[in-house]
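Reading through the C-alpha cells given below for one structure.
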Amino acid sequence: MRLVSYRYRGWSSVGVLDDDTVIDIPKAYAELLRRRGVADAEGRALAECPPDLVELLRRDGLGRATEAVAAAKDLLARDRQAAEAAGLALPAGDPHLRLLAPLSRPDKIICLGLNYADHAAESGAAVPDYPELFNKFPSSLIGPGEPIVLPRVSQQVDYEAELAVVIGRPGRYLEESRALEHVAGYTILNDISMRDFQFRGRQWMQGKTFDRSTPLGPWVVTADEVPDPQALEISCEVNGERLQHSNTREQIFSVARVVAYISQIVALEPGDVIATGTPAGVGFARKPPRFLRPGDVVRVTVERIGTLENPVVAEA
C-alpha cells in the first residue's frame, strides 16, 4: 500500500493511494464497522485508525487499515458513486487535494552520513567503522511539491537523495536478523544540507535541520511491497540533469544493520524515521560546486517507492 497524508478542503487525514484514487482510512474503517453493526462506528474508527499516520502506527492500526481499504475497494468496484458520496474515496487529481509529508511530527528523525563508500570518498572522509548518526527536528519536514526555501543566511544549499525507513513496531536491542520485522515501510527523504553551516564545526546538525528544509514523501510504501531494501535504484535530478545515481546495495551499513544499531542507543517507536544516507554526486563535491538556486526543481527517485519532487525558491 501507498500510505499518504493529505489535506482536502481544510481538513487533513491519512489514506491509501490506489491508482488514481485516495481511499480515506478512518472513513473506510468507520464504514466497515457500521456494516458489522458496531455502535459509534465513527468514534471507534477515529480511536483505532486516527487521521494521522504516526498515531495510526502507534495504535497498531496498519492491519485494521489494510482490512478497511480492501472493503472500500470492493465498494468502489460495485458502486463508486456511493463510495465517493460517503467520503471514502477522492480522485487523486482533485485540485482541492494536496499530499503532505506522510509523517508530520515523528518523535525521532535519525540520519546517516557517509553510508555509501563513493560519497565518503568524494567528501574526503574515511569509510566509517560504525554508522555516522545525526538528527533532524520535525520542524524541518516539508511535503511533496512544497518549495525548498533557500535561507537568506546560507549560500551553499545542497541536495541529498536518500531512502528513508519508517518504524512500525517498537523495539530495543534488536537483532539484525529480525530488525526488518520492525519496519512499517519506506519513503524518500531529500537531506537538504546547508554546507556553510554544516562545516562550521565537527557536529553536522546545524547544517541539516533548518526549518522547513527537508522534503519527505510522497508516501510510505508498506514493507510487504519492498521485499529487499538493499536492491533499490536511487537517483537525484536537478532540472532534469541526473546528478546522483546508485543502488542501495552499495550502502556500507544495510537497513537491517542500521535499525539494529540505532536500537542499541534509543528505543525505536512507531512513526520514527531513519534516513539511510546518500550516494556520490552531491553538489559541494562537484568541480565547480553545484548548489541549489531559485528556480531549480529537484527530483529524487527510489525504485519501488516513487519520485519526490520539490521546487526551489529564495527566502522572501
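At position 34 of the sequence shown the residue is numbered 34 (full-length UniProt numbering), and the sequence of numbers has no breaks. Note that the Cβ used here is the ideal one computed from N, Cα and C, for glycine as well. From a predicted model like this one, the values you see are computed outputs, not experimental measurements.
Would the stretch 245 to 261 count as touching the stretch 77 to 91 if we require 3 or more Cβ pairs under 8 Å?
In short, these stretches do not touch, since the Cβ pair count stays below three.
Just checking, does the stretch 17 to 28 make contact with the stretch 111 to 123 on the three C-beta pairs under 8 Å criterion?
Touching, no, given that fewer than three Cβ pairs across the two stretches are closer than 8 Å.
With distance defined between alpha-carbon atoms, name the residue in P102, S104, A65, P311 nearest to L88.
Position 88 of the sequence shown, counting from 1, holds the residue named residue 88. Among P102, S104, A65, P311, the Cα nearest to that of L88 belongs to A65.
Just list the alpha helix (DSSP H) runs in the stretch 147 to 233, keeping only unbroken ones of 4 residues or longer that don't cross its boundaries, in chain order.
Entirely contained in the stretch 147 to 233, the alpha helix (DSSP H) runs reaching 4 residues are, in chain order, 195 to 198.
Using only alpha-carbon positions, find the residue among L133, F137, Y116 that is nearest to residue 317.
Since the first and last residues shown for the chain are 1 and 316, residue 317 lies out of range.
Where does K136 sit, in a helix, a strand or coil, going by DSSP?
Residue 136 sits at position 136 when you count from the first residue of the sequence shown. In this structure, K136 counts as strand in the three-state DSSP scheme.
Starting from the Cα of R178, find the closest Cα among L150, V259, A92 and give me that residue.
By 1-based counting over the sequence shown, the position of residue 178 is 178. Taking only the C-alpha atoms, the option nearest R178 is V259.
For I305, which residues in the same chain have their Cβ closer than 7 Å to its Cβ, ignoring the five residues on either side in sequence?
Against the sequence shown, residue 305 aligns to sequence position 305. Closer than 7 Å at the Cβ level, and outside the excluded window around I305, lie Y186, T187, I188, V221.
Under a three-way DSSP split, which group does G15 fall into?
Position 15 of the sequence shown, counting from 1, holds the residue named residue 15. DSSP places G15 in strand when its eight states are reduced to three.
If contact is defined by three or more beta carbon pairs under 8 Å, each pair taking one atom from either stretch, is the stretch 159 to 166 in contact with the stretch 270 to 278?
Flag = yes, the stretch 270 to 278 and the stretch 159 to 166 touch.
Give the straight-line distance between the Cα atoms of K136 and Y159, rounded to the nearest whole angstrom.
Within the sequence shown, numbered from 1, the residue matching residue 136 stands at position 136. Within the sequence shown, numbered from 1, the residue matching residue 159 stands at position 159. So the alpha carbons of these two residues sit roughly 15 Å apart.
Going along the chain, which residues of its own chain have a beta-carbon closer than 6 Å to the beta-carbon of L57, five neighbours each way excluded?
Translated into positions along the sequence shown, residue 57 becomes position 57. G168, A184, P270, G271.
Please return the same chain residues whose Cβ sits closer than 8 Å to the Cβ of E48, not counting the five positions on each side in sequence.
Along the sequence shown, read from residue 1 onward, the residue named residue 48 stands at position 48. Cβ neighbours of E48 beyond the five flanking positions: Y29, R59, G61, R64.
Would P95 be called buried (16 or more neighbouring beta carbons within 10 Å of its own) or exposed?
For this step, residue 95 is matched to residue 95 along the sequence shown. Flag for P95 reads exposed.
In its own chain, which residues sit with a C-beta less than 8 Å from the C-beta of A71, not counting the 5 before and 5 after it?
Residue 71 sits at position 71 when you count from the first residue of the sequence shown. Correct list, in chain order: A28, E31, L32, R35.
With a Cβ-Cβ cutoff of 8 Å, do P218 and L46 count as a contact?
Locating residue 218 in the sequence shown gives position 218, where the first residue counts as 1. Locating residue 46 in the sequence shown gives position 46, where the first residue counts as 1. Result no, Cβ atoms of P218 and L46 do not sit closer than 8 Å.
Check for me: the alpha helix (DSSP H) holding G43 runs from which residue to which?
As a working note, residue 43 is residue 43 in the sequence shown. Where G43 is concerned, the enclosing alpha helix (DSSP H) stretches over 41 to 48.
Inspect the beta-carbon positions of Q244 and G281 and report whether they are closer than 8 Å.
Against the sequence shown, residue 244 aligns to sequence position 244. Against the sequence shown, residue 281 aligns to sequence position 281. Cβ atoms of Q244 and G281: closer than 8 Å.
Assign S13 to one of two classes, buried (16 or more other C-beta atoms within 10 Å of its C-beta) or exposed (fewer than that).
To locate residue 13, count along the sequence shown from 1; it is residue 13. Buried: at least 16 other Cβ atoms inside 10 Å.
Restricting to runs no shorter than 4 residues, where is the alpha helix (DSSP H) found entirely within the stretch 237 to 316?
You should have 255 to 265.
In three-state terms, what does DSSP make of residue 381?
No statement about residue 381 is possible, as the shown extent of the chain runs from 1 to 316 and does not include it.
Relative to the C-alpha of G240, which candidate in V298, R290, V266, P170 has its C-alpha closest?
Translated into positions along the sequence shown, residue 240 becomes position 240. Nearest C-alpha to G240: V298.
Going by DSSP in three states, G143 sits in which element: helix, strand or coil?
Working through the sequence shown from its first residue, we reach residue 143 at position 143. Looking at G143 - three-state DSSP - the assignment turns out to be coil, as it is neither helix nor strand.
Using only CA atoms, which one of H119, L292, M205, N310 lies nearest to E146?
Taking the first residue of the sequence shown as 1, we reach residue 146 at position 146. Of H119, L292, M205, N310, the residue nearest in Cα terms is N310.
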